[in-house]
Amino acid sequence: GAVVSQHPSWVICKSGTSVKIECRSLDFQATTMFWYRQFPKQSLMLMATSNEGSKATYEQGVEKDKFLINHASLTLSTLTVTSAHPEDSSFYICSARDRGLGEKLFFGSGTQLSVL
Amino acid sequence: TQLLEQSPQFLSIQEGENLTVYCNSSSVFSSLQWYRQEPGEGPVLLVTVVTGGEVKKLKRLTFQFGDARKDSSLHITAAQPGDTGLYLCAGDAGNMLTFGGGTRLMVKP
Numbered sequence: 001g002a003v004v005s006q007h008p009s010w011v012i013c014k015s016g017t018s019v020k021i022e023c024r025s026l027d028f029q030a031t032t033m034f035w036y037r038q039f040p041k042q043s044l045m046l047m048a049t050s051n052e053g054s055k056a057t058y059e060q061g062v063e064k065d066k067f068l069i070n071h072a073s074l075t076l077s078t079l080t081v082t083s084a085h086p087e088d089s090s091f092y093i094c095s096a097r098d099r100g101l102g103e104k105l106f107f108g109s110g111t112q113l114s115v116l
Numbered sequence: 117t118q119l120l121e122q123s124p125q126f127l128s129i130q131e132g133e134n135l136t137v138y139c140n141s142s143s144v145f146s147s148l149q150w151y152r153q154e155p156g157e158g159p160v161l162l163v164t165v166v167t168g169g170e171v172k173k174l175k176r177l178t179f180q181f182g183d184a185r186k187d188s189s190l191h192i193t194a195a196q197p198g199d200t201g202l203y204l205c206a207g208d209a210g211n212m213l214t215f216g217g218g219t220r221l222m223v224k225p
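As you go down the protein sequences, you meet chains A and B in turn.
For the first sequence, my numbering assigns the number 1 to the initial residue and increments by one for each residue that follows.
For the second sequence, my numbering assigns the number 117 to the initial residue and increments by one for each residue that follows.
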């Protein structure tokens, strides 16, 4: 089946640094990718929808200057958490839609971000 | 934003018991998906239901989509400790997938 690779799986950084998370569709072209944030024992919260070659659409309350999303190719989307603070610590998950498989959605394995 | 209410939020049962998780919305979805998630991992798709009234079975799991495509249920028969995890329903409204709040299931041996 389709695979979405997300890296890194775990990152610890100092407050004030920027962290980039990559989401790759390994064997299909993903025109749309989604970024979610998940707090412990809670459900996924959609942060933004990323369309290849265009600006991302952010959900209400998500700072676009804080969470920079780039979807430069059909197989890669990146989320950069800029000037990270401890409150940004969370589990971030990407997903990609495979139009070739009836628009099924496949998820990455997630990235645990810990900001000290 | 379309909302999906999932219940119960938490469920702790003994091995062998049956359980049902509900997912309700006032909105109509083109399809509804159920996922299971382990700690520290991404959600894994269990099933997608598309047609109103549709029933799908996956071993001991039975999924049903409401006639009006606004609600869904997941029934697990004879739960096993291996069923422990976070179950998420998600409604597909075109270009967005909206998740329910999740049901954390613990099956004790």
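All C-beta atoms, glycine included, are put in the ideal place defined by N, C-alpha and C.
For clarity, every value in this text was computed on a predicted model and none was experimentally measured.
- Selection A/L105, A/H7, A/E87, A/L113 evaluated against B/Y151 yields A/L105 as nearest (Cα-Cα).
- Boundaries of the beta strand (DSSP E) around B/G207: 201-208.
- Close to chain B, meaning a Cβ-Cβ distance shorter than 9 angstroms, are the following residues of the segment 41-69 of chain A: K41, Q42, S43, L44, M45, L46, T49, N51, T57, E59, Q60.
- At a cut-off of 8 angstroms, the C-beta of A/S77 has no neighbouring C-beta in chain B.
- Taking 4 residues as the shortest admissible run, the segment 73-111 of chain A contains no complete alpha helix (DSSP H) segment at all.
- Shortest Cα-Cα distance from B/V137 to any of B/P155, B/K175, B/G158, B/S128 involves B/S128.
- For a cut-off of 8 angstroms, the C-beta gap from B/V223 to B/D199 is around 5 angstroms, short enough to register as a contact.
- Contacts between B/R220 and chain A, judged by CB atoms closer than 7 angstroms, involve K41 in chain order.
- Cβ atoms of A/M33 and A/S77 come within 8 angstroms of each other, at about 4 angstroms.
- Counting only Cβ-Cβ distances below 9 angstroms, B/G217 has contacts in chain A at Q42, S43, in chain order.
- At least one CB atom of chain B sits nearer than 8 angstroms to the CB of A/L105.
- The beta carbon of A/T49 sits closer than 6 angstroms to the beta carbons of F34, T57 from its chain, once the five residues preceding and following it are set aside; these are given in chain order.
- B/Q153 is positioned such that its CB atom lies no closer than 8 angstroms to that of B/L190.
- Spanning the alpha carbons of B/F181 and B/S147 requires a straight line of approximately 9 angstroms.
- Put simply, the CB of B/L213 is near chain A, with a gap under 8 angstroms to one of its CB atoms.
- Considered as a whole, the segment 3-41 of chain A harbours 4-7, 10-13, 19-25, 32-38 as its complete beta strand (DSSP E) runs of no fewer than 3 residues, in chain order.
- Using a Cβ-Cβ cut-off of 8 angstroms, A/F34 counts as an interface residue toward chain B, since at least one Cβ of chain B sits closer than that to its own.
- Exclusion of the five residues before and after B/A206 leaves Q149, L213, F215 as the residues of its chain whose Cβ lies within less than 6 angstroms of its Cβ.
- Linking B/R220 to B/F126 through their CA atoms gives a straight-line distance of about 5 angstroms.
- Counting of Cβ neighbours within 10 angstroms places A/P86 among the exposed residues, the total staying below 16.
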